[in-house]
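Residue numbers (UniProt numbering): 4 to 470. C-beta atoms are modelled at their ideal positions from N, C-alpha and C, and glycine is treated no differently.
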Ligand code: PMP
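Listed below in structure tokens is the structure:
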């Protein structure tokens, strides 16, 4: 395959693994270890199973990164992509250029938005949608005559993307390493982890109140007149699908209202049914000013994200843009006809096949089965909703502590899962996050939990042998 350009370092063999090691820069990867760790090369999949080029099959308990809501292949969506490329494969949507797929998708999305939304802008990733939300926050407050209201608060343990601003918003410090991040306008408040951070005897409600008080302290310390928005996913996806403690969102929203702070809901992971409702905002009664969504929007088959904004933000942004002769923001791929066609067909498929109904029907069984892993010696706690299952791992059930880095627990569990034909999403050593494709069936769930338990047993035995 390789052309052997004279200045290229060629791999020692022509195997796919050697060529991967020689040419591919993998995101979120240990680059040094890559050469010694052969890649798993995925070649296809159907339903909740994916297979590699060695003929191994794996149950994907995290739907890849949560985006593969319908599994790994789909004829109907393939046809939608084919038809769009055969008709209008690409066109931009700047300066009033439009296309039927973009218009239809926008109408459809606004008609099913969690709360009334005025407009939607498309991008290609969750990162770009959140990045756009930050820019709009700055634009909005400047237009309102409060240009100093620029600070954005996000939460520890969060992940909102990998553009420069969204990286800086991440409360996951790993994504900052090595780049010297320092953005004084981007502030952090507490992670919503009741199991780890709740005090002895503290109820969930009291814990929520403590987090809200801490947020209020931060706002007052910084000066409310400088705080533009609070950006949060409704369930904290990248802390392993953490659910908000009781009363959290009600209290948070009251606080944001008090200080006139915009709320940006990151539904990148939760949109389209993950929690058992179409939007996590619906589950927790959240009324945001802007909503970002991405992963399941086109079932993961096209890179597309959406940012919806309500009337309050839209009206101001629209009027302000006249001052500059336009709102000069957007990507070549915004409103891409193929991505929009596939997203539109995905939403239609969700409705035609009542995928939300399926999630609601299967969720109690999923919850019961995954919760049963809580008796495992590595586990301290279980928490879940819809098709989100979060297992807190601990080396001490009393103290609820996380296994130390030397244990390599997360890496070991990932490997043991793979040995047992299961992709499991580990959040470091702290948590296993189950978020399978929406189409998962009962027998898949039983298989998933059986394989997970086997992997956990193996790792537990390894750790005891090491001790
Ligand atoms: N927000 C959340 C909650 C996410 O989980 C992710 C990605 N995992 C993002 C934003 C960023 O999305 P993307 O990777 O598509 O840029």
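Checklist entry - At which residue ranges does the region 405–437 contain complete beta strand (DSSP E) runs of 3 or more residues, listed in the order of the chain? => result List check, beta strand (DSSP E) in window: 428–430 and 434–437.
Item to check | Integer-rounded CB distance, given that residue 301 should sit under 8 Å from residue 240 | outcome: Not confirmed; about 18 Å, so no contact.
Checklist entry - Which first and last residues belong to the alpha helix (DSSP H) in which residue 2 is found? => result With the chain covering only 4 through 470, there is no way to say anything about residue 2.
Checklist entry - Candidates 347, 286 and 36: which alpha carbon is nearest residue 109's? => result Measuring from the Cα of residue 109, the nearest candidate turns out to be 347.
Item to check | residue 19 beta carbon near the ligand HEM (any heavy atom closer than 7 Å) | outcome: Ligands present in the displayed structure are limited to the ligand PMP, and the ligand HEM is not among them.
Item to check | Three-state secondary structure assigned by DSSP to residue 61 | outcome: Strand at residue 61.
Checklist entry - Cα separation between residue 272 and residue 119? => result Taking the straight line joining both Cα atoms gives about 20 Å.
Item to check | C-alpha gap between residue 317 and residue 121, whole angstroms | outcome: Spanning the two alpha carbons is a distance of roughly 7 Å.
Next on the checklist: My parser needs the alpha helix (DSSP H) runs of 4 or more residues fully inside the region 144–222; what are they?
Outcome noted: List check, alpha helix (DSSP H) in window: 167–172 and 197–200.
Checklist entry - Do the region 271–291 and the region 384–392 meet, that is, are 3 or more Cβ pairs less than 8 Å apart? => result Segment contact: the region 271–291 against the region 384–392, three or more CB-CB distances shorter than 8 Å; contact assigned.
Item to check | Cβ-heavy atom distance, residue 1 to the ligand PMP, below 7 Å | outcome: Residue 1 lies beyond the stretch modelled for the chain, which goes from 4 to 470, so this question has no answer here.
Item to check | C-alpha gap between residue 32 and residue 462, whole angstroms | outcome: Straight-line Cα distance between these residues: approximately 22 Å.
Checklist entry - Does the Cβ-Cβ distance between residue 256 and residue 289 come in under 8 Å? => result Against a cut-off of 8 Å, the Cβ pair of residue 289 and residue 256 comes out as a contact.
Checklist entry - Between the beta-carbon of residue 375 and the beta-carbon of residue 425, is there less than 8 Å? => result At the C-beta level, residue 375 and residue 425 stay beyond 8 Å of one another.
Item to check | Touch test, the region 101–115 against the region 321–335, Cβ-Cβ under 8 Å, three pairs minimum | outcome: No, the region 101–115 is not in contact with the region 321–335.
Item to check | Whole-angstrom C-beta distance between residue 407 and residue 434, which should lie under 8 Å | outcome: At roughly 15 Å, the Cβ-Cβ gap does not stay under 8 Å, so residue 434 and residue 407 are not in contact.
Next on the checklist: Please list the terminal residues of the continuous alpha helix (DSSP H) segment that includes residue 26.
Outcome noted: Residue 26 -> alpha helix (DSSP H) spans 19–26.
Next on the checklist: Nearest by alpha-carbon distance to residue 229: which of 173, 172, 149 and 205 is it?
Outcome noted: Per the Cα distances, 149.
Item to check | Backbone secondary structure at residue 49 - three-state DSSP | outcome: In the structure shown, residue 49 sits in a strand (DSSP, three-state: E or B).
Checklist entry - What's the C-alpha gap between residue 155 and residue 164? => result Between residue 155 and residue 164, the alpha-carbon positions lie close to 15 Å from each other.
Checklist entry - Under the DSSP definition of a beta bridge, which residues are partnered with residue 296? => result As computed with DSSP, residue 296 is found in a beta bridge with 270 and 309.
Checklist entry - Any idea what DSSP makes of residue 385, helix, strand or coil? => result Judged by DSSP in its simplified three-state form, residue 385 adopts strand.
Checklist entry - Does DSSP put residue 451 in a helix, a strand or coil? => result It is helical.
Item to check | Span of the alpha helix (DSSP H), counted from its first residue to its last, around residue 69 | outcome: From DSSP, the alpha helix (DSSP H) with residue 69 extends over 66–69.
Checklist entry - If we call anything under 8 Å between Cβ atoms a contact, is residue 367 one with residue 91? => result No.
Item to check | Rounded distance between the beta-carbons of residue 396 and residue 432, thought under 8 Å | outcome: At roughly 6 Å, the Cβ-Cβ gap stays under 8 Å, so residue 432 and residue 396 are in contact.
Next on the checklist: To the nearest angstrom, how far is the alpha carbon of residue 384 from that of residue 52?
Outcome noted: Their backbone Cα atoms lie some 27 Å apart in a straight line.
Item to check | Three-way DSSP call (helix, strand, coil) for residue 460 in this model | outcome: Residue 460 carries a helical assignment under DSSP once its states are collapsed to helix, strand and coil.
Checklist entry - Does DSSP put residue 239 in a helix, a strand or coil? => result Here residue 239 sits in strand by DSSP.
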